[in-house]
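The sequence shown begins at 21 in the working numbering and counts up by one.
Where a beta carbon is used, it is the ideal one built from N, C-alpha and C, also for glycine.
See structure below.
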Amino acid sequence: MSSGVREVIEEFEQLSESDKEYVAEIIQKQMIELKREEIFNRSREARSNMDKEHTSIGTAGELLQDLEK
21 MSSGVREVIE EFEQLSESDK EYVAEIIQKQ MIELKREEIF NRSREARSNM DKEHTSIGTA
81 GELLQDLEK
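Structure follows, in structure tokens:
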């Protein structure tokens, strides 16, 4: 654990219960936003791969057949 993280935790421990709840809510919302950005970036990459025809579309059976080749 870095010293910066340790300092944040020590400061957090000094907060009142209501402030701790507020900080936890903010962190949770930031994590949700981070995950949204990751999903967006993955979808953009998938779209790019489709546009470049680096992907194929088919059924699960067709996928298994392709994997066996």
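I'd like to check one pair, residue 60 with residue 43: are the Cβ atoms closer than 8 angstroms? no
Whole angstroms are fine: how far does the CA of residue 85 sit from the CA of residue 37? 58 angstroms
Need the endpoints of the alpha helix (DSSP H) that residue 21 sits in, please. Residue 21 -> no alpha helix (DSSP H), and no H or E assigned at all.
What are the boundary residues of the alpha helix (DSSP H) that residue 38 is part of? 37 to 71
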